[in-house]
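From first to last, the protein sequence lines stand for chains B and A.
When you number the first sequence by the working numbering, it's gap-free, plus one each residue, and the end is 598.
When you number the second sequence by the working numbering, it's gap-free, plus one each residue, and the end is 598.
Where a beta carbon is used, it is the ideal one built from N, C-alpha and C, also for glycine.
Fair warning: this is a prediction, and the values are worked out from it, not measured in the lab.
A quick write-up on the structure given underneath.
2 protein chains.
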Amino acid sequence: MTAYAAPVKDMLFVLNELADLNAINGLPGYGDATPDTVEAILEESAKFTGEVLAPQAREADKAPSFFAEGKVTTAKGYRAAFKQFAEGGWQGLQHPVEFGGQGLPKVVGTACNEMLNSADLSFALCPLLTDGAIEALMTAGSEEQRNRYLPQLINGEWTGTMNLTEPQAGSDLSLIRSKAVKQMDGTYRLSGQKIFITYGEHDLAENIIHFVLARTPDAPAGVKGISLFIVPKVLLNADGSLGARNAVQCVSIEHKLGIKSSPTCVLQYGGTTEQEGAVGYLLGEENRGLEYMFIMMNAARFAVGVQGLAVAERAYQQALQYAKDRIQSRPVDASLPAAGPIIHHPDVRRMLLLMRTQTEAARALAYVTASYADVAHHTVDTALAAEQQALYEYLVPIVKGWCTEMSVEVTSLGIQVHGGMGFIEETGAAQWYRDARILTIYEGTTAIQANDLVGRKTAKDGGAVAQLVLTRIQVTLTLLKAHPHPEAARLAKRLHEAQLALRDVVAFIVSHVKTDINAVFAGSVPYLKLAGLTLGGWQLARAWLAAQTQLQAGQGDAGFLQAKCQSALFFAEHLLPQTQALRTSIVDGAASVVALV
Amino acid sequence: MTAYAAPVKDMLFVLNELADLNAINGLPGYGDATPDTVEAILEESAKFTGEVLAPQAREADKAPSFFAEGKVTTAKGYRAAFKQFAEGGWQGLQHPVEFGGQGLPKVVGTACNEMLNSADLSFALCPLLTDGAIEALMTAGSEEQRNRYLPQLINGEWTGTMNLTEPQAGSDLSLIRSKAVKQMDGTYRLSGQKIFITYGEHDLAENIIHFVLARTPDAPAGVKGISLFIVPKVLLNADGSLGARNAVQCVSIEHKLGIKSSPTCVLQYGGTTEQEGAVGYLLGEENRGLEYMFIMMNAARFAVGVQGLAVAERAYQQALQYAKDRIQSRPVDASLPAAGPIIHHPDVRRMLLLMRTQTEAARALAYVTASYADVAHHTVDTALAAEQQALYEYLVPIVKGWCTEMSVEVTSLGIQVHGGMGFIEETGAAQWYRDARILTIYEGTTAIQANDLVGRKTAKDGGAVAQLVLTRIQVTLTLLKAHPHPEAARLAKRLHEAQLALRDVVAFIVSHVKTDINAVFAGSVPYLKLAGLTLGGWQLARAWLAAQTQLQAGQGDAGFLQAKCQSALFFAEHLLPQTQALRTSIVDGAASVVALV
């Protein structure tokens, strides 16, 4: 396995040129996030992830976290690494200063989370879930609950989990059966079984705070009768110190295709009687659990999109290194006298460019999306805040869906570049492929993201936010069309075609959602992919413009900037044309999906 | 894991309606292959593969074949199953009657091999390699060699292997270093290490006949100095009985992503001195080894394409069953009163149709390709034979490349349909995904297939055979355009667009191969995919015509025939549009690949 070196240069380019870090730095509360400080943080994160975490990922896959006698022992090195992670303050990066966090913008946290996930997806899942728990407490927790749990979640003493799934209730949370019965003292007693609980049990921290969906006895049926509870693994005494063990047990962990060192637990809440139930505390109000959970989930969905980009980056780095090292066959253009490194073969170059450019596009799209959230939450301009929030919410399912689907393809290409060696586990390329495969599934499958995109994010407002995005693409197109460089016209041609395809599909959805709902939803995933490609290509086109400006001014690293320009062009000519096929599938092909015999 | 039931009805439809089994049955030597006999054979094969092999595949993945003390012990049940396979005469199905085979057409063998591979890819690899060994002996073996080895290879007493790869020589066989030194008695002594040798050691048969590429001491450098040797694991006495153990040892087996019960061996030939070399017998003439190996390889490449289609079929069957069983969420069109089976959700239908239609297209393309070989080898019309052979050779890299790339996508969709359960190994869907991942690599990666398609199969004859294929598509287009059914025009529109894209790309290759070789080879894999999609769509369009004819005549199973029509339409509207994007990549996008920074 090759080393991982965080692509700090590209990250900073995206932050500064595309996500407008400078403007975010000017918002109230983000005064500390100067470009220099951010660069220093990224360098520090690169060091920790590259030197501590990345080298142990292969071993953690081979000898993963295991379950015995109710306990989960995490993979070798995880405890020490988690301690270092906590002590470094990484968990609190984007969380409030008043609870011990650093209060930095989401866009900076996103860059650091990318590194964490590139280094070891299995490890990084624990902080990812804790971030969700923090988010839920910030949104719906009482002051007492925030004070009680946030400092330790933020400083890494404790970790958090999300408990949604039950055997019969996966994507369909209306089928949840876990019960919560209110007691005289205002607490609840929970009973039921939850499955697929990431880091539901482990040895990294002294306590685990579970966030659990359950029903009260008189709750309405379906999704409107679900409440959210805080269930600590170890109960807290009145002074906040650790008390008795709560009635929640890990029964088993799953044997999975990938992310093997992230323990995926079956958790049993309670015993056979109500009094043996696990002690839980209601978060917010009864029957509003799904609403709060969606807040955690939206943060987690965005984070999973970043996981996709992260594992793609890792796979790319390894494949690139192999392609430079492996000697096999003379190039077809006879540019070398004998067999040379396989990177000289046109198809290997094509595969590497598919990997690199999709990863760069995903990074740009994810960071820009995060920047919308930062502006939305910190600007004093309420109209701007509403607009940026709407853009953020439109983009979350696209970042989640497209970046993860892309990661399955990119990690597969990573194997292919290695040839036969890619299929041998020792090489390590197969691990990224196995790890990536969960990303299009958990925190809502690609279809669930696409349904969200079609329903709540496009049809609901009659395509208004989608139109806003199309208008922003138009700004970039206008700049490209006015640009004298010959590449600008090539870029503009493909981006314009993609923009028109996206426009047509949005119009199709808005006009058909009431009259032919099956046709609209048959095209939901193709729509998500079309949007991801178009927006990814748009971000790379913006990168091309920024790079050209720097090149003409004689600023920056010319080699790096030229590579950015090539990425934009390759993406435009090899990925963006797919948008036309997707439009055809959606607009002309719906009937042949619906009519399944 | 769900059961596997061979899709005999679809196989027979393809054999009879698309691959013209009737005409093959009329060729000299194929008189026994009547439609009735073929149906009976397929039913018998379905029984063996469905009842004996398929049920043990999951266990064989969990507790795979293992290596200890120089020996490989195959997975539980493999020995008994192989005995049954051999006794059933399955190895000899398409091999000559004079050596104990059944002498049936390749197109029939292909259907049976599909079943074998759907049932258990790891198991099926052993017969696949033996087929290659038989092919090599039939082509280049002396009469004495044929008599000595063929009967036992055909009756399953022995098995065969192909030994090409060395650590430094994978796709680039010119780098082979294994040595063969001629002895006074005419035999050779071989020394060297071979890697990635499928079933290089095992306990299924009493002898293994290795076919080994090596260099004689005075051989020219590069690919023109490679010879092919027969190296039995156990030497034969003069009377053909088993004698002493030869100097070939299995040193280790690989720990792989998939096909875990197919032992992938490192084989060490010879010891430290020449006299300790393994005894080998020259096949054909010195320095023509690669030529003979290509005969084995072409057969094996076609067979690997069939593996792709086979594993896709298996994944589809499992996903379809799950989608019918799993209850989750109410359909968006409210067509059910509450949560129902997920097959009612439009995106699940779309995924299942992507799986089904690509598998059906691959089956049709593979069987039709096999039928070309049958006609080429058995017709007395030499002009027809030459034409059919040319078509066969053009199609082999497409069957290998496209059917296997498709299988990676289809097995991934198989996981996706299962949601979170798909990521749990116990479910079994992940196995097909892991197993399929080798198929685009071994027997020549997709890029190697694509280079063959571009160089030897397209550029070399100035696109003449490609033109022949385009003309045949035109025949189907003419029939569609004359057909009164409204679906015919929809099919014709998409097939025509695809045909034009293929035509443009062939013209681009032929006109640029001398002037801009890098540009041509940068588009080689996209060309292969474009050809696979177009030809797959063409075969399904032919199936649509045949099904319509039967439906109008009131013949056949109406439900089955309607499903065939739907497959054609879905493929046309959801897969064929990709051809346009591929044309753009190839014709307009070459420069952005070649200019990798």
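Residues of chain B with a Cβ closer than 7 Å to the Cβ of Phe197 (chain A) are, in chain order, Gly421.
Against chain B, the CB of Arg350 (chain A) has a partner CB under 8 Å away; the residue lies at that interface. At least 8 Å separates the CB of Asp558 (chain A) from every CB of chain B. Check the Cα spacing between Glu70 (chain A) and each of A:Ser253, A:Lys183 and A:Ala591: the tightest is with A:Ser253. Under a 10 Å Cβ-count criterion, Thr162 (chain B) is classified as buried, with 16 or more other Cβ atoms of the shown protein chains found around its own Cβ. The beta carbon of Phe100 (chain B) sits no closer than 8 Å to any beta carbon of chain A. Interface annotation for the stretch 513 to 535 of chain B against chain A: Ile518, Asn519, Phe522, Ala523, Ser525 and Val526, criterion Cβ-Cβ distance under 7 Å. At a beta-carbon threshold of 9 Å, none of the residues of chain B lie near His497 (chain A); the nearest stands roughly 14 Å away. Burial is judged here by how many other beta carbons sit within 10 angstroms of a residue's own beta carbon; Gly464 (chain A) has at least 16 and is buried.
DSSP links Lys325 (chain B) through a beta bridge to no other residue. By the neighbour-count definition (other C-beta atoms within 10 Å, threshold 16), Ser263 (chain A) is a buried residue.
Annotation for Val333 (chain B): no beta strand (DSSP E) segment contains it, and DSSP assigns it neither H nor E. What Thr446 (chain A) touches in chain B, judged by beta-carbon distance under 9 Å, is Asp348, Gln417, Gly420 and Gly421, going in chain order. If you look at Leu43 (chain B), you'll find it in the alpha helix (DSSP H) that goes Pro36 to Phe49.
For Val267 (chain A), the enclosing beta strand (DSSP E) starts and ends at Thr265 to Tyr270.
Leu492 (chain B) and Leu536 (chain B) have their C-alpha atoms roughly 13 Å apart. Shortest Cα-Cα distance from Ala544 (chain B) to any of B:Cys566, B:Leu176, B:Leu205 and B:Lys63 involves B:Cys566.
Apart from the 5 residues on each side of it in sequence, Leu291 (chain A) sits with its Cβ closer than 6 Å to the Cβ of Val224 and Ile227 in its chain, given in chain order. Collapsing the DSSP output to three states places His346 (chain A) in coil. The continuous beta strand (DSSP E) containing Gln250 (chain B) extends over residues Val249 to Ile254. Beta bridge pairing from DSSP links Thr550 (chain B) with no other residue.
Beta-bridge partners assigned by DSSP to Thr160 (chain B): B:Ile209. Leu454 (chain B) sits close to Tyr528 (chain B), with the two beta carbons spaced by under 8 Å. At least one beta carbon of chain B lies nearer than 8 Å to the beta carbon of Lys257 (chain A).
Against chain B, the beta carbon of Asp173 (chain A) has neighbours under 7 Å at Gln329, Ser330 and Ala340, listed in chain order. For Gly193 (chain A), the enclosing beta strand (DSSP E) starts and ends at Tyr189 to Thr199. Ala120 (chain A) is a Cβ neighbour of Gly51 (chain A), given a cutoff of 8 Å. Annotation: the continuous beta strand (DSSP E) that includes Thr74 (chain A) extends over Lys72 to Thr74. Chain-order list of chain B residues neighbouring Glu427 (chain A): His256, by C-beta distance under 7 Å.
Residues of chain A whose Cβ lies closer than 9 Å to the Cβ of His575 (chain B) are, in chain order, Pro527, Ala582, Thr585, Ser586, Gly590, Ser593 and Val594. Take the alpha-carbon of Ala339 (chain B) and the one of Met352 (chain B): they are about 22 Å apart.
Contact between the stretch 228 to 235 of chain B and the stretch 40 to 54 of chain B is not established, with fewer than three Cβ pairs separated by less than 8 Å. Secondary structure within the stretch 405 to 461 of chain A: the alpha helix (DSSP H) runs of 4 or more consecutive residues, fully enclosed, are 430 to 437 and 447 to 455 (chain order). Residues of chain A whose Cβ lies closer than 9 Å to the Cβ of Ala4 (chain B) do not exist, since the nearest Cβ in that chain is about 22 Å away. Look at Glu167 (chain A) here: in three-state DSSP terms it is strand. Contact between Thr360 (chain B) and Glu314 (chain B) holds: their C-beta atoms lie close to 5 Å from each other, under 8 Å.
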